[in-house]
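In what follows, a single structure is set out as structure tokens and then discussed.
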Amino acid sequence: MIKNTFFSLLLLSSTLFAQDGQWLIGLDVGGTGTNITQNDTSISEDKKALSYGAKVGFQEGSARIFLAYNHADETTATDYTLASDSVYVQLDGFGEDFKVIGNATARFFLGAHVGAYIPDLALTGSENVTSTALMGGAQGGIIFLLPAKLEIELAYRHMWTSLENDITINAGTAYTALNFKF
């Protein structure tokens, strides 16, 4: 099902863009706060972790779409330890460019993403949860347009998913990205 969802989104999104757009690649790093709740028990925990990721996609006019990968790893010894990987398709829309300082410009963006969440969740006294789950979320932020086709992105991304064993994951990431358009 996840493969079909990715394929459908990529196929549908390819019709949104004209031939005169630009490809983009980017790297991001940020801090992730994750709330893990096991719904059939009273266990609920908040985790903090460093996260990093990469993306490749296409941008044209006031929209962009890309395929992204993110990794977060939190290993404090409590009721849960969590490392996770996410692979997702993200679609963003942009506002109008505006002047920041001198000739420097910026733009706001808002979007949504859907994809696969791959946890390595260790529960105290239980087997690890490692099955892939469908995840979705939203993001928004500001992009500073720099010379030489570079961009600096300051943003917040939020994601939700539900795993086996009646576990829900609710995670937010504040991140900085460096993107290159070509």
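By this note's numbering, the letter at position 122 of the sequence shown is numbered 662, and the numbering carries on one by one without gaps.
Note that beta-carbon positions come from the ideal geometry of N, C-alpha and C, so glycine has one too.
Can you tell me which residues form a DSSP beta bridge with residue i?
i	result
V669	L661
D613	L590 and A623
I605	F598 and L631
T701	M675 and I709
Compare the Cα-Cα distances from residue i to each of the options and report the closest residue.
i	options	result
R647	G561, G601 and S584	G601
K587	D613, I565 and Y609	D613
V654	M699, G680 and L685	M699
I658	Y628, G635 and W563	Y628
F684	T645, D632, I565 and D568	T645
A714	E693, E704 and N705	E693
W563	V596, T701, A673 and G571	V596
N579	L703, A717, A652 and G712	L703
A695	A688, G570 and N575	G570
G651	Q679, L607, K639 and S626	Q679
L631	F649, K639 and F638	F649
G712	A594, G561 and I576	I576
G681	G633, A662 and T574	G633
K721	A673, L674, T574 and A688	A688
Three-state secondary structure (DSSP) at residue i?
i	result
S624	strand
E693	strand
L685	strand
T581	coil
L556	Low per-residue confidence applies at L556: pLDDT is 49, beneath 50, and the placement is therefore not dependable enough to give any value.
Which stretch, first to last residue, makes up the beta strand (DSSP E) that contains residue i?
i	result
D586	S584 to E600
N575	Q562 to Q578
N710	I707 to K721
I641	Per DSSP, I641 belongs to no beta strand (DSSP E) and is neither H nor E.
Pull up the distance between the alpha-carbon of residue i and that of residue j, whole angstroms please.
i	j	result
D660	S671	8 angstroms
S582	N643	54 angstroms
I641	G677	32 angstroms
Y609	S624	11 angstroms
L567	F598	15 angstroms
L690	N719	6 angstroms
S584	L686	42 angstroms
L590	E636	32 angstroms
L622	R604	31 angstroms
N710	A717	22 angstroms
S626	G561	26 angstroms
Please find out if some non-hydrogen atom of the ligand GDP comes closer than 6 angstroms to the beta-carbon of residue i.
i	result
G655	The ligand GDP is not part of the structure shown, which contains no ligands of any sort.
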